[in-house]
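A quick write-up on the structure given underneath.
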Amino acid sequence: MADKSITKTELVASIASATGQSQSAVSGVLDSLFSTVSEAVAKGSKVSIPGWLSFERVETSARTGRNPQTGAEIKIPAGQRVKVTAGSKLKAAVK
């Protein structure tokens with residue numbers, strides 16, 4: 001695991017410095033990006049940023065789980081989750 005995480009504040013400051021934009025403008029753009037992605041995925045759309053990331057909603061089936069403290073079986077209902085996939089450019093940058 002990485003020793004350091006980048007917070008939203010640090011990300012905003014870095015982008016603002018690289019682009020010459022104000023931190024409030026960059027923060028507004030990031031907030032809008034996250035909001036737009038959230039709304040689209042919630043509606044069932046797939047959001048793709050080619051080469052970098054894609055987000056989609058996937059259905060999970062009902063299944064039987066186990067309580068790790070007691071060992072008792074529990075029923076886990078069907079639901080939905082968000083699947084995030086790294087694109088080729090992001091994968092190449094990590095290598």
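The sequence shown maps to residues 1 to 95 in the UniProt record's numbering.
Glycine included, every Cβ here is placed at the ideal spot set by N, Cα and C.
- The beta carbons of Thr60 and Gly79 sit closer together than 8 Å.
- The alpha carbon of Lys89 has as its nearest neighbour, out of Ile6, Ala72, Ile49 and Ile74, the alpha carbon of Ile49.
- Residues Val58 and Thr60 of the same chain have their beta carbon placed closer than 7 Å to that of Arg81, with the five preceding and five following residues left out of the count.
- When secondary structure is reduced to three states using DSSP, Thr64 falls in the strand class.
- The C-alpha of Trp52 lies about 14 Å from the C-alpha of Leu33.
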